[in-house]
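A short write-up of the structure that comes next.
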Amino acid sequence: MEALKISSIPSLQIPSKFDKAQSKKLTSFCFNSIPSSSFSLVQRNISIFKIFTTISSSVSTEPANPPELEVENRTQQEKFDWYAQWYPLMPVCDLDKRVPHAKKVLGIDVVVWWDRNESAWKVFDDSCPHRLAPLSEGRIDQWGRLQCVYHGWCFNGSGDCKFIPQAPADGPPIHTSKKACVAAYPSTVQNGIVWFWPNSDPQYKDVLAEKKPPYIPELDDPSYSGLMGNREIPYGYEVLIENLMDPAHVPYAHYGIMRTNQPKEKADREGGRPLDLSVQKLDKNGFIAKQEWGRSKFLPPCVFYASPLDPVDQGNGAASSAGTKKVSSAQRRALLIFICIPVSPGNSRLIWTFPRNFGVWIDKIVPRWIFHVGQNLILDSDLYLLHVEERKIMDAGPNQWQKACFVPTKSDALVVGFRKWLIKYAGGQVDWRGKFSGALPPTPPREQLLDRYWSHVVSCSSCSAAHKGLRVLEVVLQVVSFSLVGIVAATKQAALSVAARTTLVAMAILSFAASKWLAHFIYKQFHFHDYNHALR
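Oh and the sequence shown: position 300 is 319 in my numbering, straight run, nothing missing.
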């Protein structure tokens, strides 16, 4: 395999054209890879999740030489600084402006809230300076200030304390003390996501003018769809990114859920095959990887994206800006964007979006939660595997990954490239700055580990609304069922014909059965859906 080359990362913008043959592949790719689900008609559009590299990688005809993982001492200037980066918190579409939201990134507890006085999302340290109560449990008062509900202290959008109820009105203005202020982090909204800079020191107040979060023009282009999802993941940042960079696991870990391109002669039931992947450029700022139909990029610490149907840019990485030309059938484009956020050891957060400039009407008529049903099933199908895998890697030691894992084929090139970047430039693991002992949290029961409600539903505006609506419908069906039975029982036999009585009883039975089916559906799609690989 080609040696991993060290160079600079090109622009995030990517080429926008491909030929008609690729356009046909695109249609097949997006609408024929059908997960096995009761929502199959809708999930024709979902199934690009995590399968893109399987489709976009060619079958290798060369010897499968293992990718090399080199470890070198780096100078201070070449070291990746985990705390000099922008970190995404949540998609704006899933943030309620009426309430503060608790989030954790890099082990830092923050509160995200809407300051209506400045019409901006603010990010504060989630700790009231009075007695350290969480501000995320507070509220937005009638003057648009963030109020701590423990003792009523109020703060403006800059973190200044504006009101201490316990301080005498005619006494000294103790609320103006610096000790009464809450730490405010630089924050911004870009591509429909709230980002923050994890350092509240005043010298970083205007850091946005010097360094901006990675920008993806397609997410702001109205000709592209832009549905997003988010989920809390019970395994760490490193394993999350590796999994999304690994196409070879798709036909196995997601068997029966996602349809992949099958070779003419299958070696096994799933149809796994050799994949020819290679990392072309790698340095402190990430890497670019080549695939047969396109390329992917890792922009540390959080963004990994791919355009599986764009031709690889042979130049310096520059591309025309999105939306400058009218889209034709030969210019159909689809991107897959994964944003992986380090939360704490053994925990991470994933934000995903798959912008495309065709079939946009589907997203306008199909509720977002229906797409999330299929996407959560994909995440669940290998979640337990990765949770256990992470513990085995930690037992061996993060810097011993290459010795503990045997990665002999080109299909592992991106995973090896990520580990190379992590060890060479980023210290081998996330820098938690001593906040944690290094031990992973204990493994919870399987039902809790695969829980969807607290990991996704409560933090997704669409799924939360659907969950509430379906629960109401379940209760309505039960009420209808018992009411019909009551009517039949209370009505004299002569007052109702046999046909009418039979109809009412049948409707009662159907309503009750429908309520039971709906209860099962709600539990399976919004709470817990197990996945047994042995019985697939």
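Glycine included, every Cβ here is placed at the ideal spot set by N, Cα and C.
How is the beta strand (DSSP E) around ARG438 delimited, first residue to last? Residue mapping note: residue 438 aligns to position 419 of the sequence shown, counting from 1. No beta strand (DSSP E) contains ARG438, which is instead part of the alpha helix (DSSP H) from 432-444.
So, is ASN376 buried or exposed, given that buried needs 16 or more other C-beta atoms within 10 angstroms? As a working mapping, residue 376 is identified with position 357 in the sequence shown. ASN376 comes out buried.
Hey, how far is the Cα of SER363 from the Cα of ALA121? Taking the sequence shown and counting its residues from 1, one reaches residue 363 at position 344. Taking the sequence shown and counting its residues from 1, one reaches residue 121 at position 102. SER363 and ALA121: Cα-Cα distance of roughly 14 Å.
Length at least 4, wholly inside the segment 262-300: the alpha helix (DSSP H) runs in chain order: 269-272
Got a sec? Which residues, its chain only, sit under 8 Å from THR73 by beta carbon, not counting five neighbours each side? Reading the sequence shown from its first residue, position 54 is the one you call residue 73. Residue placement at THR73 is poorly supported in this model, since its pLDDT is 41, which falls under 50; the coordinates still yield a value, given next. For THR73, where only same-chain residues beyond five positions count, the Cβ hits under 8 Å are PRO266, ALA267, VAL269, PRO270, THR279, ASN280 and LEU294.
From CYS173 to GLU156, what distance separates their C-alpha atoms? For the purposes of this step, residue 173 is identified with residue 154 of the sequence shown, where counting begins at 1. For the purposes of this step, residue 156 is identified with residue 137 of the sequence shown, where counting begins at 1. Going by the C-alpha atoms only, they are around 13 Å apart.
Residues in the same chain with beta-carbon distance under 6 Å from VAL504, minus the five sequence neighbours each way, listed in chain order, please. Residue mapping note: residue 504 aligns to position 485 of the sequence shown, counting from 1. So the list reads ALA527, once near-sequence residues are dropped.
Coil, strand or helix - PRO110 by DSSP: Here residue 110 refers to the residue found at position 91 of the sequence shown. If DSSP states are grouped into helix, strand and coil, PRO110 belongs with the strands.
Based on the DSSP secondary-structure assignment, which residues constitute the bridge partners of GLU156? Residue 156 sits at position 137 when you count from the first residue of the sequence shown. Partner(s): none; GLU156 has no beta bridge.
Below 8 Å on the Cβ atoms is my guess for GLU261 versus SER474; work out the distance and round it to an integer in Å. If you number the sequence shown from 1, residue 261 lands on position 242. If you number the sequence shown from 1, residue 474 lands on position 455. GLU261 to SER474, Cβ: 20 Å. No contact.
Coil, strand or helix - LYS116 by DSSP: Residue numbering aside, residue 116 sits at position 97 when the sequence shown is read from its first letter. Correct three-state label for LYS116: coil.
Segment limits, beta strand (DSSP E) that includes VAL131: The residue given as residue 131 occupies position 112 in the sequence shown. Run containing VAL131: 127-134, per the beta strand (DSSP E) assignment.
Using beta-carbon positions only, say whether VAL130 and PRO148 come within less than 7 Å of one another. If you number the sequence shown from 1, residue 130 lands on position 111. If you number the sequence shown from 1, residue 148 lands on position 129. No, Cβ-Cβ distance for VAL130 and PRO148 is not below 7 Å.
Restricting to Cα atoms, I'd like to know which of PRO253, TYR223 and HIS486 is closest to ASP401. What you label residue 401 is simply residue 382 of the sequence shown in a count that begins at 1. Of the listed residues, the one whose Cα sits closest to ASP401 is PRO253.
Count the other C-beta atoms from every protein chain shown that fall within 10 angstroms of the C-beta of GLU409, then say buried if there are 16 or more, exposed otherwise. Translated into the one-based positions of the sequence shown, residue 409 becomes position 390. Classification for GLU409: buried.
Output needed for VAL507: all residues of its chain with C-beta closer than 7 Å, excluding positions within five of it in sequence on either side, in chain order. Working through the sequence shown from its first residue, we reach residue 507 at position 488. Only ARG520, LEU523 and VAL524 meet the Cβ criterion.
What residues are listed by DSSP as bridge partners for MET247? Along the sequence shown, read from residue 1 onward, the residue named residue 247 stands at position 228. Note: MET247 sits in a beta bridge opposite THR372.
Ignore the nearest five residues each way along the sequence and tell me which others in GLN185's own chain have a CB closer than 7 Å to its CB. As a working mapping, residue 185 is identified with position 166 in the sequence shown. If we look at GLN185 and ignore the five residues flanking it on each side, its Cβ neighbours are HIS170.
Any beta strand (DSSP E) of 3 or more consecutive residues that is wholly inside the segment 359-408: 366-372
Sub-7 Å separation of PRO374 and GLY248 beta-carbons: Locating residue 374 in the sequence shown gives position 355, counting from the first residue. Locating residue 248 in the sequence shown gives position 229, counting from the first residue. Cβ atoms of PRO374 and GLY248: not closer than 7 Å.
LEU354: CB within 6 Å of a non-hydrogen atom of the ligand ATP: Ligands displayed in this structure: none; no statement on the ligand ATP is therefore possible.
Please work out which residues of its chain come closer than 6 Å, Cβ to Cβ, to SER315, disregarding the five sequence neighbours upstream and downstream, and give them in chain order. For this step, residue 315 is matched to residue 296 along the sequence shown. ALA308 and ALA325, listed in sequence order.
Starting from TRP420, trace the alpha helix (DSSP H) in both directions and tell me its first and last residue. Counted from its first residue, the sequence shown places residue 420 at position 401. Per DSSP, TRP420 belongs to the alpha helix (DSSP H) from 420-423.
What is the rounded straight-line gap between the Cα of LYS181 and the Cα of TRP105? Taking the first residue of the sequence shown as position 1, residue 181 is located at position 162. Taking the first residue of the sequence shown as position 1, residue 105 is located at position 86. Distance between the alpha carbons of LYS181 and TRP105 is about 29 Å.
When DSSP labels each residue in this structure, what does ASP302 get in the three-state scheme? Reading the sequence shown from its first residue, position 283 is the one you call residue 302. Looking at ASP302 - three-state DSSP - the assignment turns out to be strand.
Taking a contact to mean a Cβ-Cβ separation below 7 Å, would you say ILE212 touches PRO110 in this structure? Within the sequence shown, the letter at position 193 stands for residue 212. Within the sequence shown, the letter at position 91 stands for residue 110. In contact: ILE212 and PRO110 (Cβ atoms closer than 7 Å).
Residues in the same chain with beta-carbon distance under 8 Å from ASP160, minus the five sequence neighbours each way, listed in chain order, please. Working through the sequence shown from its first residue, we reach residue 160 at position 141. Counting only Cβ-Cβ distances below 8 Å, and skipping sequence neighbours, we find GLN166 and CYS173.
Counting pairs of Cβ atoms below 8 Å between the segment 530-550 and the segment 486-503, do you hit three or more? yes
Three-pair Cβ contact test at 8 Å for the segment 432-446 versus the segment 298-305: yes
Take ASP134 and list the residues in its own chain whose beta-carbon comes closer than 7 Å to its own, dropping the five residues that flank it on each side. Within the sequence shown, numbered from 1, the residue matching residue 134 stands at position 115. LYS141, GLY163 and GLY176.
Checking the sheet assignment: what are the DSSP bridge partners for TYR204? As a position in the sequence shown, residue 204 is number 185, starting the count at 1. VAL142, per the DSSP bridge assignment.
ARG314, DSSP secondary structure in three states: Locating residue 314 in the sequence shown gives position 295, where the first residue counts as 1. If DSSP states are grouped into helix, strand and coil, ARG314 belongs with the strands.
CYS180, DSSP secondary structure in three states: Within the sequence shown, numbered from 1, the residue matching residue 180 stands at position 161. Here CYS180 sits in strand by DSSP.
Could you name the residues of the same chain whose beta carbon sits closer than 6 Å to that of GLY378, not counting the 5 residues immediately before and after it, in chain order? Reading the sequence shown from its first residue, position 359 is the one you call residue 378. Here the set comprises nothing.
Report the three-state DSSP secondary structure of TYR324 (helix, strand or coil). Within the sequence shown, the letter at position 305 stands for residue 324. Residue state, collapsed to three classes: strand.
DSSP on ILE260, reduced to helix/strand/coil? As a working mapping, residue 260 is identified with position 241 in the sequence shown. Correct three-state label for ILE260: helix.
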